[in-house]
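K.L.:
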Amino acid sequence: MENERFIQLLTLKIVNELTDAERIELKAIIDKNPQLRDRKDILTQFWNKKRVSSRDNMAMFNKLLAQIEADELTKELRPQQDSSSPVKLRRPYLKYWYSAAAFLLISSLAFAFYHQFNFNNQTLSVQWLQKKTRPTFRETIKLADGTIVTLNSASTLKYPRHFSGQTREVYLNGEAYFDVHKDHHHPFIIHANKMNVKVLGTAFNVKSYLNEPLSETTLIRGSVEVTLNDRPSDRIILKPSEKLIVRNNGSAVKHPEQEPGNLPQKSISEPSNYALTSLTHYPNNDRTIVETSWVQNKLVFSDKNFEELSAQLERWYGISFVFVNDQMKIERFSGIFEKESLSEALDALKIVAPFKYRITKSKVYIY
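Here the sequence shown stands for residues 1 to 367, where the numbers follow full-length UniProt numbering.
(1) If you scan the UniProt domain "Protein FecR C-terminal" (298-366) from start to end, which runs of the beta strand (DSSP E) of 3 or more residues do you find wholly inside it?
(2) Taking the beta strand (DSSP E) that R247 falls in, what are its first and last residues?
(3) Within the chosen definition, does the segment 180-198 reach the segment 131-150 through at least 3 CB pairs nearer than 8 Å?
(4) Can you check which of these residues, F306, S155 and S241, is closest to K350 by C-alpha distance?
(5) Are there 16 or more other CB atoms within 10 angstroms of the CB of Q8, so buried, or fewer, so exposed?
(6) Just how far apart, CA to CA, sit L174 and I336?
(7) What are the boundary residues of the beta strand (DSSP E) that includes F157?
(8) Counting only beta-carbon atoms, is V170 nearer than 7 Å to chain B?
(9) Measuring only the C-alpha atoms, how far is W294 from V149?
(10) Check for me: the alpha helix (DSSP H) holding D145 runs from which residue to which?
(11) Under 8 Å, with one C-beta from each stretch per pair, do the segment 315-323 and the segment 274-284 reach the 3-pair mark?
(12) Could you tell me the distance, in whole angstroms, from the CA atom of G201 to the CA atom of F333?
(13) With a 10 Å radius around its C-beta and 16 neighbouring C-beta atoms as the bar for buried, classify W128 as buried or exposed.
(14) Look at the alpha carbon of D234 and the alpha carbon of N33, and state the distance between them as a whole number of angstroms.
(15) Do you know how far the Cα of Y177 is from the Cα of K194?
(16) Tell me, to the nearest whole angstrom, how far the beta carbon of E212 is from that of N248; I am working on the premise that it is less than 8 Å.
(17) Can you tell me which of the three DSSP states Q8 falls into?
(18) What first and last residue would you give for the beta strand (DSSP E) that runs through R168?
(19) Please determine if the segment 133-142 and the segment 153-167 are in contact, where contact requires at least 3 C-beta pairs separated by less than 8 Å.
(20) Nearest CA to the CA of Q327: which residue from P240, P354 and T218?
(21) Return the first residue and the last residue of the alpha helix (DSSP H) that L26 is part of.
(22) Could you check what DSSP says for K198 in three-state terms: helix, strand or coil?
(23) Taking C-beta to C-beta, are V180 and I190 nearer than 7 Å?
(24) Please state whether the Cβ-Cβ distance between residue 371 and K239 is less than 7 Å.
(25) Alpha carbon to alpha carbon, how far is Y159 from Q130? Give it in angstroms, no decimals.
(26) With distances taken Cα to Cα, identify the nearest neighbour of H162 among T133, V126 and K132.
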């Protein structure tokens, strides 16, 4: 109520219709609420500026005043039923309607101004948070909109404390599984290396480590739209059970799941900087999805060479791999690890391709 009265009194002041009593009342309100002083100055300047610069506003204002004065004249010419009643002066009547007209106009201007001011202020004052996970650790985060993010090891997610504006945007370095809260009016966008993944409400996995040559987006349900920083005009739409692979460097897109005899390649751009394939099921197991198995605390890999696998093992066990024997990098493996220790995992791999290893405090040497 006090804010409304403040606008009313300020309107009267701006149109030079403020009485002495109202002037004292306005001063008392401002003294009680010092923050209103800035609003008064801003609104007064805004009003004066709009009166000069906005022809549409002035046209509306003048039209409204003309209608008010016409109504007033009609009322004055109307025969009085009681001749003994005093004739009301024109000025108080005009003052009331003139102030009402000004109040309507300045209220609309104030609403538009404050809407724009608050929007810009919110945009500038967005508080960003950052969640980092160490190797071997995974963490689940609930964002302000209700979206659930499961963050894989050695990953970083940057997100706002509260979403504002027309979109909900986050930044990812690493891997995360997103279960996005549906909001058709505010698309959810993940910026990950060269990819920008836009969704309304769905579940999908994004893998994009800065030190790896490939980034991936795997869709479980719903639909997503992906754009690439270097090809913004391309809009790649994923359907459930599809995966987009994007190269992060100058090498051609080549992935084990795209090799002949494995998964069918549905489309490849020219030049080949991304490829669209199907998600990967573990051999002889239609229920285990390789790309999202880590969410269930499983390390699943299918026909992956040792060099690629070592990057996963480094994050899984928190230790670096050094290949003394470079020939071992091209050996391929398939398997599922859950609770195996590092030694147990390496011993299992040795059954497929014999090699020797040595474990130190921070490294694993492959011979």
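Idealized CB from N, CA, C, for every residue including glycine.
It should be emphasised that the depicted structure is a prediction, and the values quoted were computed from it without experimental measurement.
P.N.:
For this structure:
(1) 299-305, 320-323, 332-337, 357-359 and 363-366
(2) E242 to R247
(3) yes
(4) F306
(5) buried
(6) Residue identity differs from the one stated: residue 174 is Gly in this sequence, not Leu. Going from the Cα of G174 to the Cα of I336 covers about 21 Å.
(7) Note on residue identity: the sequence assigns Leu, not Phe, to residue 157. First-last of the beta strand (DSSP E) with L157: T156 to P160.
(8) Of the protein chains in the structure, only one exists, and it is not chain B.
(9) 13 Å
(10) Taken as a continuous stretch (DSSP letters only), D145 belongs to no alpha helix (DSSP H), as it is neither H nor E.
(11) no
(12) 35 Å
(13) exposed
(14) 53 Å
(15) 18 Å
(16) 7 Å
(17) helix
(18) R168 to D179
(19) yes
(20) P354
(21) D20 to K32
(22) strand
(23) no
(24) It is not possible to answer for residue 371, since the shown part of the chain is limited to 1 through 367.
(25) 6 Å
(26) V126
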